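What follows is one structure encoded as structure tokens, with my remarks underneath.
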Amino acid sequence: MTSLPDDAQDEALPGDGAPRRTAVVAEDESLIRMDIVETLTEAGYEVLAAVGDGESAVAKARELRPDVVVMDVKMPQMDGVTAAERIGEENLAPVVMLTAFSQTELVERARDAGAMAYVVKPFTPADLLPAIEIAISRFQQITQLESEIADLGERFETRKRVDRAKGLLQTNMGLSEPEAFRWIQKTSMDRRLTMREVADAVIDQLGGQSKD
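Our numbering puts the first residue of the sequence shown at 1184, with every later residue one more than the last.
If you want it as structure tokens, here you go:
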């Protein structure tokens, strides 16, 4: 197994000298919406739009192509789950869903709709900001995977295999999720293999008897 490349490091956070990340916020309660905007701005994000319904969130995501959409599950005109589906179908941006603790069924629907992360209300910046980073990282990974593969069924299976391989690398090599993905990506390029082939090799070597 190839060792972790020396240049693997965590994703740059906003404010580290990298270009500012952009966001669209969708929340129907104005005070919470203002609080999210303030949290993101203080963390170095540029909030391109702050809206109060799902329909506007989809429109702004199409128009502005932000790095992330932070969106409440329950909103007027179009709920957050439906909006997340639209945004996901068009591959516009990663979505972080905001949900009340009691809305576990909606959380599952949101996950199925393509939301990359979710945060339970009430939340703090320490809850929201890492969830956004995870969502952006996962979205970038999926975009990279899907650029390799045209067939939708093959995309889904490849995503499952890469997720399994990432988990094994995290457990066995002590890597973070972004580091595990970059290890697969770099090994793929170095050995001129697809990421699916690298993932399968990782699963074969590290998966033991639980191999699919």
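Positions of the beta carbon are idealized from the N, C-alpha and C atoms, including for glycine. Note that the structure is predicted; figures quoted are calculated from it, not measured.
Point to revise | Alpha carbon of R1347 to alpha carbon of R1269, nearest angstrom | key: 27 Å
Review point. Can you tell me the Cα-Cα spacing of M1258 and E1210, whole angstroms?
Key: 7 Å
Review point. Alpha carbon to alpha carbon, what distance is there between M1299 and T1377?
Key: 24 Å
**Study point:** Of the listed residues E1212, D1218, L1214 and L1223, nearest to A1206 (C-alpha basis)
**Key:** L1223
Point to revise | CA-to-CA distance, A1232 to E1246, given in whole angstroms | key: 10 Å
Practice item. Tell me where the alpha helix (DSSP H) around K1243 begins and ends. Key: G1237 to L1247
Check your understanding: Helix, strand or coil: how does DSSP classify D1383 here?
Key -> helix
Practice item. Write down the C-beta distance between V1230 and V1208 rounded to the nearest angstrom, noting that I regard them as a contact closer than 8 Å. Key: 6 Å
Check your understanding: So M1254 and L1214 are in contact, right, with Cβ under 8 Å, and what is the actual spacing, rounded?
Key -> Not confirmed; about 16 Å, so no contact.
Point to revise | Residues near F1364 by beta carbon distance below 7 Å, same chain, minus five either side | key: Q1324 and K1349
Point to revise | Backbone secondary structure at K1257 - three-state DSSP | key: coil
Review point. What residue ranges within the stretch 1277-1359 form continuous beta strand (DSSP E) runs of no fewer than 3 residues, ordered along the chain?
Key: 1278-1283 and 1300-1304
Exercise for review: Could you round the C-beta distance between G1237 and A1266 to whole angstroms and report it? I think they count as a contact, below 8 Å.
Suggested key: 3 Å
Exercise for review: Please classify T1377: does DSSP put it in a helix, a strand, or coil?
Suggested key: coil
Point to revise | Euclidean distance between Cα positions of D1262 and V1256 | key: 6 Å
Point to revise | DSSP three-state assignment for Q1392, whether helix, strand or coil | key: Caution is warranted here: a pLDDT of 39 is assigned to Q1392, below 50, making its placement in the model unreliable, and no coordinate value can be reported.
Point to revise | Counted within 10 angstroms of its Cβ, other Cβ atoms place G1357 as buried (16 or more) or exposed | key: exposed
Practice item. Report back the beta-carbon spacing between V1279 and I1315 to the nearest angstrom; my notes put them in contact at under 8 Å. Key: 5 Å
Review point. Residues in its own chain within less than 6 Å of I1317 by CB, not counting five upstream and five downstream?
Key: A1300
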